[in-house]
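Undergrad: Chain order of the listed sequences is A and B. Residue 246 in the working numbering is what sits at position 204 of the first sequence, and the numbering runs on without skipping anything. Residue 107 in the working numbering is what sits at position 91 of the second sequence, and the numbering runs on without skipping anything.
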Amino acid sequence: MTAHGPFSPRDWISQPPYVHLEYKSTALRGPTRPLIPLQQTLSELTGPVYGHESVGPLDHDLTRNARVNGEPLGERIVVAGRVLDEDGRPLPNTLLEVWQANAAGRYIHRNDKHDAPLDPNFRGSGRCVTDEKGRYSFYSVKPGAYPWGNHPNGWRPNHIHFSLFGPSFITRLVTQMYFPGDPLLDLDPIYKGAPEGRRELMVAKFDLDVTEPEFALGYSFDIVLRGRNATPAQE
Amino acid sequence: MSPKQTPSQTVGPYFAYGLTAEQYGYDFDSIAGGQLADESVEGDRIRIVGRVLDGMGAAVDDAMIEIWQADAQGRYAHPADPRGSNAAFRGFGRLGTGTDPQNRFIFDTVKPGSVEGQAPHITLCVMARGMLSHAFTRIYFSDEAEANAADAVLASVPDKRRDTLIAKRDETQAGVVYRFDVYLQGDTETVFFDL
C-alpha cells in the first residue's frame, strides 16, 4: 500500500469509552450514539502539516521558555521518546504540543483555583518536533499532583498533557503521560477510563540513559498513533 | 508484536495556555486560531459560528474545536493531495469556547470546494473536559442541497439525524455566516463518525 493509503481504525480495545461514569463530567458530555462508519476519502487521508518551522528555539524547554527572574522551581526532568504508528514505523517531523501544571500542582490557567503557588518563571506549555527517526525530547520540571472536584478527596496523578496530529487529521491524539510508581494512578478515573492492559502505555519509564548527569532526571515515553491498513514498506 | 495505540485522554479544562494561548491571552504563540484565510486566499469568504452543547443543553465553555478543510478549489494543503498543496491556505483552525460571552466558536475561512466529487464539507473535531476521546463530525452547507443529496457520506446517515450535519446559511451585514452547533448528547445529538 502507498504511504498515503487508508488508516487503520481507532482501536476501541485501547481507547476509552465516551461515557465512563466514574469520571463524572463524561455523563453529560460523552456522545451516546454509535459512531457512524465512514469510508476514508482524501478528507481523512490529509491533515494539518506542522513541522520544524512551527517550533521556536525555546519551545522544547519549559524550564526556559517563560523565565522572568530565575529558574522555575521543581525537579528538572527530560522527557524523550519516539512517535510511532501501529506498524512500528517511526513518524518523522511530527509536532508534539505539551502542557502541564507546575511543580506545586498549579496550572497557570486562570480557571485553576487550587490554593498552590504559581511559579513566576514557569508557564508550563511548549512543543517539539520529531526528528527523522521519530524521536523527540523536551525539558521541564516534574508536575505536581493537584486536587479536583470529581469525587471526595480526589487528586489527579502527576501528568503531562500531549497533543499530536500525526500524518493525518484522523490520526489525531490527545493524551496524558503519567509517572511510574504514582499511587494516585490506581485512584484516578481519567487514567482508569482507558482499558486495563492499555492504560499502562501512558506511564513513562524512568530511564537512566535519558537522565542527564548533574542536570535532569530522564523519562522515556513512546507514543503510538494509528497505522496504515498495510504491512510496513520494506526499505 | 506490533505496538498498540496509545489511549486517548481528555484535553481537560486547562488546555488554553498550551493549545490556544493567543486566543486566551497567554504569552505563547499559537499554531492556529480562528482566522484560516488571509486576503491572499481565493474563495468565497464565510464565517462558521456555533456552540458545543452538553446533554442538558448547556453551552460548554471549555471545549476545543478544530476544523480541517480543503481550499475553494477542493485542494488540501497536504502531501497526500496529488494536486499539490496550496501554500496560501493551510486549512486548519482551532478555537476554545471559553473566550466568547456566548461560548461560541467563530471561524473565518473560505468555503471549501468539492473533494473527489463529495459535497463540500469541513471535518470538525471536538474535545473537552469530560470527553476521554475526541469526536469527529462533518460540516455540510445548507445551500448545497443538490450536492448534499448526492453525497455518499450523508446518504449513510439516518434521515432524521442528517440535519445535525448541515450548517445553516445566513446572510448578514457582515457577510455569509453558517451556523453549526455541536450537540454532544440528547435528541439532536450530532452525528459523529468513526474516522
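Idealized CB from N, CA, C, for every residue including glycine.
Could you pull the DSSP bridge partners for ALA183/B from this structure?
TA: Bridge partners of ALA183/B: PHE157/B.
Undergrad: Could you pull out every residue in the same chain whose Cβ sits closer than 7 Å to the Cβ of SER149/B, ignoring the five residues on either side in sequence?
TA: Counting only Cβ-Cβ distances below 7 Å, and skipping sequence neighbours, we find SER24.
Undergrad: Quick check: what's the CA-CA separation for PRO185/A versus ALA146/A?
TA: One C-alpha to the other measures close to 7 Å.
Undergrad: Which ranges does the beta strand (DSSP E) cover as unbroken runs of at least 3 residues, wholly within the segment 208-254 of chain A, from first to last along the chain?
TA: Segments of the beta strand (DSSP E) lying fully in the segment 208-254 of chain A: 215-220.
Undergrad: What residues from chain A crowd round ASP146/B, counting only those whose CB sits closer than 9 Å?
TA: The identity of residue 146/B in the sequence shown is Gly, whereas the question assumes Asp. Per Cβ cutoff of 9 Å: TYR65, LYS66, SER67, THR68, ALA69, LEU70, ARG71 and GLY72.
Undergrad: Judging by CA-CA distance, which residue of LYS66/A, ASP53/A and GLY98/A is the nearest neighbour of PRO194/A?
TA: Considering only alpha carbons, the answer is LYS66/A.
Undergrad: On the DSSP bridge assignment, give the partners of LEU170/B in chain order.
TA: LEU170/B pairs with nothing; no bridge assigned.
Undergrad: Please list, in chain order, the chain B residues whose beta carbon lies closer than 8 Å to that of ALA236/A.
TA: Those are PRO23, SER24, GLN25 and LEU148, listed as they occur along chain B.
Undergrad: Please confirm if GLY28/B has its CB atom under 8 Å from at least one CB of chain A.
TA: Yes, because at least one Cβ of chain A sits closer than 8 Å to the Cβ of GLY28/B.
Undergrad: For the alpha helix (DSSP H) that contains ALA37/B, what are its first and last residues?
TA: It spans 37-40 - the alpha helix (DSSP H) in which ALA37/B sits, taken as one unbroken run.
Undergrad: Please confirm if the segment 88-102 of chain A is in contact with the segment 230-247 of chain A, defined as three or more CB-CB distances below 8 Å between the two stretches.
TA: Segments in contact, no.
Undergrad: Consider the Cβ of PHE31/B: report whether some Cβ of chain A lies at a distance smaller than 8 Å.
TA: Yes, because at least one Cβ of chain A sits closer than 8 Å to the Cβ of PHE31/B.
Undergrad: Quick check on DSSP: helix, strand or coil for GLY176/A?
TA: Here GLY176/A sits in coil by DSSP.
Undergrad: Just to confirm, is the Cβ distance from TYR149/A to TYR92/B under 8 Å?
TA: The answer is no: Cβ separation not under 8 Å.
Undergrad: What does DSSP give as the partner residue(s) for GLU139/A in the beta ladder?
TA: The partner list for GLU139/A (beta bridge, DSSP) reads ARG169/A and SER205/A.
Undergrad: Count Cβ pairs between the segment 102-114 of chain B and the segment 62-80 of chain B that sit closer than 8 Å; are there 3 or more?
TA: Yes, they touch.
Undergrad: Among ASP157/A, ASP127/A, GLU256/A and ASN192/A, which one has its Cα closest to the Cα of GLY208/A?
TA: GLY208/A has its Cα closest to that of ASP127/A, out of ASP157/A, ASP127/A, GLU256/A and ASN192/A.
Undergrad: Determine the direct distance from the alpha carbon of GLU254/A to that of ASP197/B, and round the result to whole angstroms.
TA: So the two alpha carbons sit approximately 49 Å from each other.
Undergrad: If you run the structure through DSSP and keep just helix, strand and coil, what is ARG91/B?
TA: In the structure shown, ARG91/B sits in coil (DSSP, three-state: anything other than H, G, I, E or B).
Undergrad: What are the boundary residues of the beta strand (DSSP E) that includes GLU86/A?
TA: No beta strand (DSSP E) holds GLU86/A; the alpha helix (DSSP H) holding it covers 84-87.
Undergrad: From what residue to what residue does the beta strand (DSSP E) around ARG118/A run?
TA: Residues 118-127.
Undergrad: Kindly list the residues whose CB is nearer than 7 Å to the CB of PRO159/A, restricted to its own chain and excluding five residues on each side of it in sequence; keep chain order.
TA: Counting only Cβ-Cβ distances below 7 Å, and skipping sequence neighbours, we find ALA146 and ARG148.
Undergrad: When you compare only the Cα positions, how much space is there between ASN164/B and TYR194/B?
TA: For ASN164/B and TYR194/B, the distance between alpha carbons rounds to 16 Å.
Undergrad: Under 8 Å, CB to CB, which of the residues in the segment 115-145 of chain B have a partner in chain A?
TA: Cβ contacts with chain A: VAL131, GLU132, GLN134, HIS137, THR139, CYS141, MET143, ALA144 and ARG145.
Undergrad: Could you have a look at TYR33/B and say whether DSSP puts it in helix, strand or coil?
TA: Reduced to three states, the DSSP call for TYR33/B is helix.
Undergrad: Per DSSP, what kind of secondary structure is ALA213/B in: helix, strand or coil?
TA: As displayed, chain B neither begins before 17 nor continues past 211, which places residue 213/B out of reach and without an answer.
Undergrad: Give the secondary structure of ALA69/A by DSSP, where H, G and I count as helix, E and B as strand, and everything else as coil.
TA: Reduced to three states, the DSSP call for ALA69/A is helix.
Undergrad: Determine the DSSP secondary structure at SER182/A, reduced to helix, strand or coil.
TA: It is a strand residue.
Undergrad: Determine the DSSP secondary structure at ARG61/B, reduced to helix, strand or coil.
TA: In the structure shown, ARG61/B sits in a strand (DSSP, three-state: E or B).
Undergrad: Please report the distance separating the alpha-carbon of TYR181/A from that of LYS184/B.
TA: If I take the Cα positions, the gap works out to 46 Å.
Undergrad: Please state whether DSSP places LYS103/A in a helix, a strand or coil.
TA: The sequence as given places Asp at residue 103/A; Lys does not occur at that position. Residue state, collapsed to three classes: strand.
Undergrad: Assuming ASN111/A and PRO162/A are in contact, meaning their beta carbons sit under 8 Å apart, how far apart are those beta carbons, in whole angstroms?
TA: Indeed they touch by this definition, with Cβ atoms about 7 Å apart.
Undergrad: Is GLY34/B buried or exposed, if buried means 16 or more other CB atoms sit within 10 Å of its CB?
TA: The residue is buried, with at least 16 neighbouring Cβ atoms inside 10 Å.
Undergrad: Beta carbon of PRO114/A, beta carbon of PHE164/A: below 8 Å?
TA: A contact, by the Cβ cut-off of 8 Å.
Undergrad: Is the CB of ARG109/A under 8 Å away from at least one CB in chain B?
TA: No - not a single Cβ of chain B is within 8 Å of the one on ARG109/A.
Undergrad: 8 Å is my cut-off, CB to CB: does ASP224/A come that close to chain B?
TA: It does not; no Cβ of chain B falls within 8 Å.
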